[in-house]
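Enquirer:
In the working numbering, the protein residues as written are 404 to 782.
1) Nearest-angstrom Cα distance between residue 696 and residue 711?
2) Using CA atoms only, rank isn't needed, just tell me which of 724, 479, 559 and 660 is closest to residue 759.
3) My parser needs the beta strand (DSSP E) runs of 3 or more residues fully inside the stretch 688 to 755; what are they?
4) Flag this pair as touching only if the stretch 602 to 613 and the stretch 735 to 755 have three or more C-beta atom pairs under 8 Å; answer yes or no.
5) Quick one: does residue 533 have its CB under 8 Å from some CB of chain C?
6) Checking the sheet assignment: what are the DSSP bridge partners for residue 649?
7) Please tell me whether residue 530 and residue 544 are closer than 8 Å, where the distance is taken between their beta carbons.
8) Can you list, in chain order, the residues of its chain with a C-beta nearer than 6 Å to that of residue 548? Leave out the 5 residues immediately preceding and following it.
9) Return the first residue and the last residue of the beta strand (DSSP E) that residue 575 is part of.
10) Beta-carbon separation of residue 713 and residue 586 under 8 Å?
11) On the three-state DSSP scale, how would you describe residue 768?
12) Alpha carbons only, please: which of 550, 619 and 631 is nearest the one belonging to residue 593?
13) Using a Cβ-Cβ cut-off of 6 Å (strictly less than) and excluding sequence neighbours within five positions of residue 773, which residues of its own chain qualify?
14) Three Cβ pairs or more, each shorter than 8 Å: is that satisfied between the stretch 656 to 672 and the stretch 515 to 524?
15) For the stretch 474 to 534, which segments carrying the alpha helix (DSSP H) assignment without a break, of at least 4 residues, lie completely within its bounds, in sequence order?
16) For the candidate residues 483, 484, 503 and 482, whose alpha-carbon lies nearest to that of residue 492?
17) Short check: CB of residue 562 to CB of residue 581, under 8 Å?
18) Would you please state the rounded distance, in angstroms, between the beta carbons of residue 663 and residue 507? I believe it to be under 8 Å.
19) Considering only the alpha carbon of each residue, which of 480, 564, 485 and 579 lies closest to residue 686?
20) Considering only the beta carbon of each residue, do residue 688 and residue 708 sit closer than 8 Å?
21) With distances taken from CA atoms, which of 719, 705 and 775 is nearest residue 731?
22) Report the option in 477, 569, 494 and 565 whose CA atom is closest to the CA atom of residue 525.
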């Protein structure tokens, strides 16, 4: 029976096939010839068809369900426990524990990308209950929901959507659009925080400066004028940098989860080619709006500068994809890319040039040119 399911044409609705085969009794009442004929009748033909809307077709993995057996319901619960422990590790106060908290999204992402968004929601709900029990108050719980549960559920929702194109091939939701959704979520979070703190003294920037001064005041013999200048500079870009690091950790956790699932043959979505990431051009309009507001300075400049930082994140990853693509033929490619990433870690300002490269890619098409050159050399 497993061979028949696996032999069904790609895009078959396995659930409807199973109902037709087993709805009136056990499989032992049918011959192999009858089962094969039923699959041929129920499965869609592989012929040109109109492109379909995004949906969740062809996600049923019978081989994985058989391997897991009765242990499958325990996986979301176990993942919820691990996610809650990682999130609550920040309460220990040590730098290492704070680093572990960044990976609270990993069990959520792995479960969702393996079993679907419903199971990821179960993990998120169970982890949220544990966080609320062991860290009473709305602070830890709201932080978990906003920074871990909500973005991962959104990523899983879009990552598992697929459709059939006119040639009958399964096309998965573009990764570039998922990056855009994450940046829009970051912008929305910044706007909400900006409105919430608007009535306070100095708004959200004043709240950030107060928070940073409370941290820096713990250092002995600190010059107050230097502290004020430093906090003013950091507060100007703090929301955008915080949103960028948050989006980056979402992406890292999802990539790690997908790699693990591919290695263990538990993935729903095939392994993507990250150097081929594409995205729509309209988010560039948000970047331009941020630049215009930043020019004015003052409060509009603060608002626009942080919108600019957050909206540039998808273009930063497009720029990295361009670097990976055009460096494919370089003899010292691994060393060169390692140097680029080390430079980005030690000095954050080169990220602006990478993001600009991502914007220019819409018109320069450097990746297409690099592929064409490699193809011509191969011929």
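Don't be surprised by glycine CBs; every beta carbon is placed ideally from N, CA and C.
Expert: A quick look at the data gives this:
1) 9 Å
2) 724
3) none
4) no
5) This model lacks chain C altogether, as it is built from one protein chain only.
6) DSSP, once it has assigned bridges, lists no residue as partnering residue 649.
7) no
8) none
9) 573 to 575
10) yes
11) coil
12) 550
13) 728 and 729
14) yes
15) 477 to 491, 498 to 504 and 508 to 518
16) 503
17) yes
18) Not confirmed; about 16 Å, so no contact.
19) 579
20) no
21) 775
22) 477
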